[in-house]
Structures are given as C-alpha cells and as structure tokens.
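>
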Amino acid sequence: MPVYKAPLRDMKFQLNEVFDYPGHYKRLKSGENATPDIVEAILTECARFSEEILSPLFQSGDEEGCTLKDGKVSTPKGFKEAYDLHTMGGWQGLSAPEEFGGQGLPASMGLLKQEMMGTANWSFSMYPGLSIGAMNTIYLHGNEDQKQTYLPPLTEGHWSGTMCLTEPQCGTDLGQVKTKAEPQPDGSYRITGTKIFISSGDHDLTENIVHIVLARIPGAPAGTRGISLFIVPKFLPDEKGGAGERNGVTCGSLEKKMGIKASSTCVMNFDNASGFLIGPENEGLNCMFTFMNTARIGTAVQGVGPAELSYQWALAYAKERRSMRALSGKKEPDQIADALIHHADVRRMLLTQKAIAEGGRGMLYYATRLADYMVDAHTAGDEKKVAKYDDKLGFLTPILKGFLTEMGNEAANLGMQVFGGHGYIREHGMEQIVRDARIATLYEGTTGIQALDLLGRKVLLTTQGGAVRDFTLKIANFARKNLTDKRTRPFAMELLKLCAQWNLLTVRIMLVARKDRDIVSSAAHDFLMYSGYVTMAYIWARQAATAADKLENGGDESAAFYNAKIATAEFYYKRLLPRAQAHATSMLSPTKNLMQLDADDMAFTG
Ligand SMILES: Cc1cc2nc3c(=O)[nH]c(=O)nc-3n(C[C@H](O)[C@H](O)[C@H](O)COP(=O)(O)OP(=O)(O)OC[C@H]3O[C@@H](n4cnc5c(N)ncnc54)[C@H](O)[C@@H]3O)c2cc1C
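Here the sequence shown stands for residues 7 to 612, where the numbers follow the numbering used here.
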C-alpha cells in the first residue's frame, strides 16, 4: 500500500501566492510568531510526522480497531506511541493561547496541521481534534477556575476532550436530550444519563478525559431552551491539578462501525457523575454552537483529506497499471498496453479528484482567514468585529462542511473506481478511504442539516438574502478585475453570471417560501450544493488568476505547475461546474412532487 505524501507544493502555492498568508499573518496580533520561517518549519515537521508516524498506522489501525476489556478501551498498536510523540511535539497547543501553555499561533495553523495529520490518518486525528473543541468551549465559556484547571493539561495533550451530545433518541434534534443534571449543595451537579456515538469517549492515550456534556436541570423549560452544558471529567482533578478520584462516567460499549475503526466511538454511561456547569444555565446549546462551528470546519477537512489521499494513490496506480490502447493511438508502443492514465475516462476520474482536493483546500484556506480575524478580535475584546467575522464564517461553514464532505465521498469513490476490482480489495487501502470518509457527511450535523442551516437560517431568516448578496459582491469584484486578461476572462464571465443567478435563486425561494414553507427543506440540499459549486468556482478562478500572473511575472513554482493549475480550473469549469445548473433547476421545482405521495403509499410490499 502506498503512503501519504503531504502536498506541500500545492499547500504553499495556495497559502503564499493565492491567499497571501504571509501578509495576512503580519496583520494579525496572533500572527506575530507566524513568520515565514516558522510557518515553513511547522509545515515541514508536520508533513514528516504525518508521513512517517501516522500514515504507517492507517491500515493497521483499521484492521485492529479499538477494543473494550474490563471497562477500559485500548487503541490499536502504535497509537499510544504516536500520541505521545504528538504531545511531546507540542502539536496539541499549536493554536492555543500562550497563557494556558499553547504556542498562540493563528487558528489557521491548526487547520494546516489537521489537514496533514487527518489525511494521513483520520482516526488518529479524531483524538486531538475532539480535544480542540473541548478547549475552545472551556476557553470561551468556562469561568477562570475552570480555565486554570482544565486548559493547561488539555493544551499539553496529557488530558483529552470529548463532546457528549447525542442520545439514543436524538442526534440532530438536541431539544430531546434527557440526561439529567441535579444541583448539589456544593454548586456541582450529579449527571445521569446515556450518551451514544461518543468519539474518543474512552481510550488509553491520556491520563484523563474531559467530557463536555449536554444535560437538563430539573424544572428547565422543555426543548432547546432548557439545556445546559457541563464539564464531566473521567477523573476529578485533585488539589495539585492532577487526575484524582474516579468519576461516575464509564464506557458501556464500543460502537461497531463502517470506518474510522481506530477512533473509539463509545456508549457513555453517566451514573451520578460529578459535573460542573459551564456557561449560563439553560444556554448550553448556544455555548455548544461555538464548539460545533469549530468542529464543523474541522470536519470539512475530512472532505479534502480523502480526496487528496485517494487521488495520490489513484494517480500512482493509473500510471503503472496497463489496459488496452488509447483511442487516439498507442501512447507506449514498447509496452504490452498503455497505462490507464492515457484513457480519457480515467482522466475524468483523476481530474475530478484533483479539482475537488485542490479546490477544497483553497476553500478551507480562504475561510480560515476569517477564523483568524475572529480569534484576534476576541482576544482584543472587540465584540463587534467578532460578530462580523462570525457572520461571514457562519455563512461559509455549512457550505464547507456540507459540500466538501459530499465531494470528498465522491472523490474517494472515484479513487476506488480507478483501481477497478482491486479498489474493492482491502490491501490497497482504497476501500478504507471510502469507509473512513463516509462518516463526514453524517456527524457534526448531516448534509441535510447543513443545508437547512445555510438556506433557512443564514440566508433567509437572519439576513433575508444579505449573506448571498455580500459574498457574491466579493466574487463579482474579483471577476470584474479579471475580465481583461484573456486567460482569466472565461472564468470571470462565468462567475459574473453565477453571482446574478445565485441572488435570483435566493429571491425566488424567498418568495415561494412565503406561501409554501416546505420549499426551504425541499430546496435546501440543491441550494447547498449549488453554493458549493459556485464557491469552488471562485476559488479555482483565484488559483488560475494567480497562476497566470506568476507565469508572466515569475513565482515560486515551475511553469508546469502553473499551467496545470490553469488546466485544472478549465476542467472544473467545463466538467464539474455545469452540475450547478441541475441543482438550480431542481431547487425551484414545486414541493408537490416531494410531498404529494402519502407516507402509506411510499411502498407496496407483501
Ligand atoms: C462515528 C460517529 C461518531 C460520532 N461522534 C459523536 C460525538 O463525538 N459526539 C456526539 O455527541 N455525537 C457523535 N455522533 C453522532 C452524530 O453527530 C449524529 O449521528 C448525527 O448528528 C445525526 O444524528 P442522528 O444519528 O440522531 O440522526 P437523525 O437526527 O435521526 O437524522 C436522520 C436523518 O434525518 C434527517 N433529518 C433530521 N431532522 C431533520 C429535519 N428537521 N429536516 C430535514 N431532515 C432532517 C437527517 O439529515 C438525517 O438524514 C457520532 C456519530 C457517529 C456515527
């Protein structure tokens, strides 16, 4: 099985030349230490760790999986050693505040780390990934005592974190949460209930596990307005800040699942466990939203990762495996047959993967600049700016999470297809990429829920189309500037048409929704995918424009690299972007064709 190679050339092209991260970091307070030299050193070291330590555990971790014995969960062979190296390397605290032991680097540096480590081994990256969510929640909503107690060991990586939302009866509709939190005279709470599907719920990697738990205080209002958030550590912190007395939280069983088998997914039983309220009473869901947005951007990486990994391995295979002759004549006459890569249909699959991986990477790098600005504004106590960037990021988050994870699945499947029947056989790792990637469209809010969040909440309810107007204005400004150059003109023209169409579609849905509320749900998926294709088109146009400029004026990369960028952008515009028009047609189709069939008439069996 091949190994993962971090795509550093593409990463640096996008960071330095397309999105000007060096300039961006200079403007950031948290960017003081993110000098080009430091960024380069971190990228190189992270690539090495991902390639040499994590990638070799990709397949063995899947084969062995996690085990539960005598109430203790063990991770597969090699995971503990890799996690210890991760801790020693200071990776957990890369973007965490310095006051709690972190390196205080911009949030986007954390995303770059997540991209490489997650692509090499998504299961492994789940453990530190969940901790980041817990750290952010405590940092933003915890009191001083909670921050001092939990943030240093979490930042170092000696403790890890989880998010405990889902219960057997609800995952999306968290208003149905039943877990009870009974107040105690000492100000703590007794937490009782069962949570399912809890990632990193128990494992053998850290001294302690800090669960962030949604629960209901007796007498709280029904539904989402009566849910509070609690810290429930596996071991209660002792006076010295170490892992003390065992708390009443245990792993009841491990879920048997399709992929990411080296990531423990636990049923967690809370039995009168000591918990500590975090944030205001009954505002748990609001507090959790900070957690969810960071987690959702993190999950969007799981769209790009499988696309990249599957592409790397499929490309290598397509250059070696031989089958028949190219239709335009022999390409390798000395060989028994031409390599797969000479067949147009195989190129369609490979270029689709490449367009998704590199276009998706650009979408992530574009968006995380906003996350950097938001964190900076928060540190400076500028709540107005925080809200501004939160709104901008909030609009892009469901597009990134929903669209990129769907596209990541497509790319992973195409990689398997390039391998033919061998893709279905375990030894090549291609089917594992498919299995591992599949979860990304489900957790952290399914694609359907991302779509509703985008269209229902961000576009219609809170901004009455303003979010689309603002974003398309940005795209249109870019397009207008690129109308004169003959290499970028076709992209710019297409973008201008799409900007007008995106706004028109929004207005039309808004008008229909006044009479027919179901349109919001019936149009949501198509609207999300349409938004994703247009956003990716913008990002590809930016990459092509930069490449064209560098070809003329010189850049860090070779002419072949820049020409490949322009060629891939052309492929994207001609072969993937047209799908947006099918979504545009479908989203405006009357709700009747979805709703007219009686539930009892959906199937006639027996
Ligand atoms: C491997 C794995 C790891 C996980 N890790 C965690 C974790 O660490 N912590 C945690 O708390 N949870 C975790 N989860 C749970 C995960 O977040 C939920 O499974 C997910 O949010 C979906 O919830 P559900 O399974 O209850 O599906 P449901 O909510 O029952 O949804 C079923 C289907 O109905 C659709 N649907 C639901 N409501 C609506 C609506 N109003 N309108 C339109 N469509 C709707 C959904 O899109 C979906 O397609 C994990 C799950 C898995 C499988």
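We treat Cβ as the ideally placed atom computed from N, Cα and C, and that holds for glycine. All of these numbers come straight from a predicted model, not from anything done at the bench.
Just the Cα atoms here: how many angstroms apart are N275 and T200?
Working through the sequence shown from its first residue, we reach residue 275 at position 269. Working through the sequence shown from its first residue, we reach residue 200 at position 194. Approximately 5 Å, taken between the alpha carbons.
> DSSP state of K119, grouped into three classes?
Working through the sequence shown from its first residue, we reach residue 119 at position 113. K119: helix per DSSP, three-state reduction.
> Quick one: grab the DSSP three-state call for Y430.
Against the sequence shown, residue 430 aligns to sequence position 424. If DSSP states are grouped into helix, strand and coil, Y430 belongs with the helices.
> Is R327 helix, strand or coil by DSSP?
The residue given as residue 327 occupies position 321 in the sequence shown. It is coil, neither helix nor strand.
> Near L100, what residues of its chain come up, given a Cβ to Cβ distance below 8 Å and the 5 sequence neighbours on each side ignored?
Residue 100 sits at position 94 when you count from the first residue of the sequence shown. Once the five neighbours on either side are set aside, the close Cβ partners of L100 are I48, G108, Q109, L111, M115, G116 and K119.
> Go ahead and pull the three-state DSSP assignment for M274.
In the sequence shown, the residue the question calls residue 274 occupies position 268. Of the three classes helix, strand and coil, the one that applies to M274 here is strand, per DSSP.
> For the alpha helix (DSSP H) containing M436, name the first residue and the last one.
Numbered from 1 along the sequence shown, position 430 holds the residue referred to as residue 436. Run containing M436: M436 to R444, per the alpha helix (DSSP H) assignment.
> How would you call K521, buried or exposed, if buried means at least 16 neighbouring beta carbons within 10 angstroms?
Here residue 521 corresponds to residue number 515 of the sequence shown, with the count starting at 1. Classification of K521: exposed, given that the 10 Å Cβ count is below 16.
> Can you check which of these residues, D476, L582, K11 and M422, is closest to M535 by C-alpha distance?
For the purposes of this step, residue 535 is taken as the residue at position 529 of the sequence shown. Looking at the Cα atoms, L582 is the closest of the given residues.
> Can you tell me which of the three DSSP states R252 falls into?
On the sequence shown, position 246 is the one that residue 252 refers to. Note: R252 maps to strand in three-state DSSP.
> With respect to 8 Å, is the separation between the Cβ of C170 and the closest non-hydrogen atom of ligand 1 below this value?
Within the sequence shown, the letter at position 164 stands for residue 170. Correct: C170 has its Cβ closer than 8 Å to ligand 1.
> Using only the heavy atoms of ligand 1, determine whether one of them is closer than 8 Å to the beta carbon of L502.
In the sequence shown, residue 502 corresponds to position 496, counting from 1. Because no heavy atom of ligand 1 lies under 8 Å away, the Cβ of L502 does not count as near it: no.
> With the cut-off set at 9 Å, would you say V526 and L461 are in Cβ contact?
The sequence position of residue 526 within the sequence shown is 520, counting from 1. The sequence position of residue 461 within the sequence shown is 455, counting from 1. Cβ distance < 9 Å, so V526 and L461 count as in contact.
> As a quick exercise: from D16, V474, E558 and L333, pick the residue whose alpha carbon is nearest that of V513.
Taking the first residue of the sequence shown as 1, we reach residue 513 at position 507. Checking every option, the nearest Cα to that of V513 belongs to V474.
> I believe L315 touches Y10 by the beta-carbon criterion, under 8 Å. Please report the beta-carbon distance rounded to the nearest angstrom.
Taking the sequence shown and counting its residues from 1, one reaches residue 315 at position 309. Taking the sequence shown and counting its residues from 1, one reaches residue 10 at position 4. Their Cβ separation, rounded to whole angstroms, is 6 Å, which keeps L315 and Y10 in contact under 8 Å.
> Kindly indicate the opening and closing residues of the alpha helix (DSSP H) around L34.
Looking up residue 34 in the sequence shown gives position 28. Run containing L34: none; DSSP gives neither H nor E here.
> Below 8 Å, how does it come out for the segment 163-179 and the segment 137-145: are there three or more Cβ pairs, yes or no?
Yes: at least three Cβ pairs fall under 8 Å.
> Which one of E105, Q98, A113 and F130 has the shortest CA to CA distance from A88?
Counted from its first residue, the sequence shown places residue 88 at position 82. Cα-wise, what sits closest to A88 is F130.
> Start and end of the alpha helix (DSSP H) containing H147?
On the sequence shown, residue 147 is found 141 positions in, with the first residue counted as 1. H147 -> alpha helix (DSSP H) spans W128 to H147.
> L146: which of M132, G290, Y195 and E121 sits nearest, CA to CA?
For the purposes of this step, residue 146 is identified with residue 140 of the sequence shown, where counting begins at 1. Nearest of M132, G290, Y195 and E121 to L146, Cα basis: G290.
> Out of I445, P224 and G67, which one is the CA nearest neighbour of R302?
For the purposes of this step, residue 302 is taken as residue 296 along the sequence shown, with counting starting at 1. Closest option to R302, Cα to Cα, is I445.
> Rounded to whole angstroms, what is the Cα-Cα separation between K407 and G248?
Locating residue 407 in the sequence shown gives position 401, counting from the first residue. Locating residue 248 in the sequence shown gives position 242, counting from the first residue. Each residue's alpha carbon lies about 36 Å from the other.
> Keeping to the same chain, check which residues put their C-beta closer than 7 Å to that of T611; ignore five residues upstream and five downstream.
On the sequence shown, residue 611 is found 605 positions in, with the first residue counted as 1. So no residue of the chain qualifies.
> Only counting the same chain, and skipping five residues up and downstream in sequence, which positions put a Cβ closer than 6 Å to that of A530?
Mapped onto the sequence shown, residue 530 falls at position 524. Here the set comprises A457, L458 and L461.
> Output needed for G281: all residues of its chain with C-beta closer than 8 Å, excluding positions within five of it in sequence on either side, in chain order.
Against the sequence shown, residue 281 aligns to sequence position 275. Contacts found: A187, S194, Y195, R196, I197, V219, A221, F236, I237 and V238.
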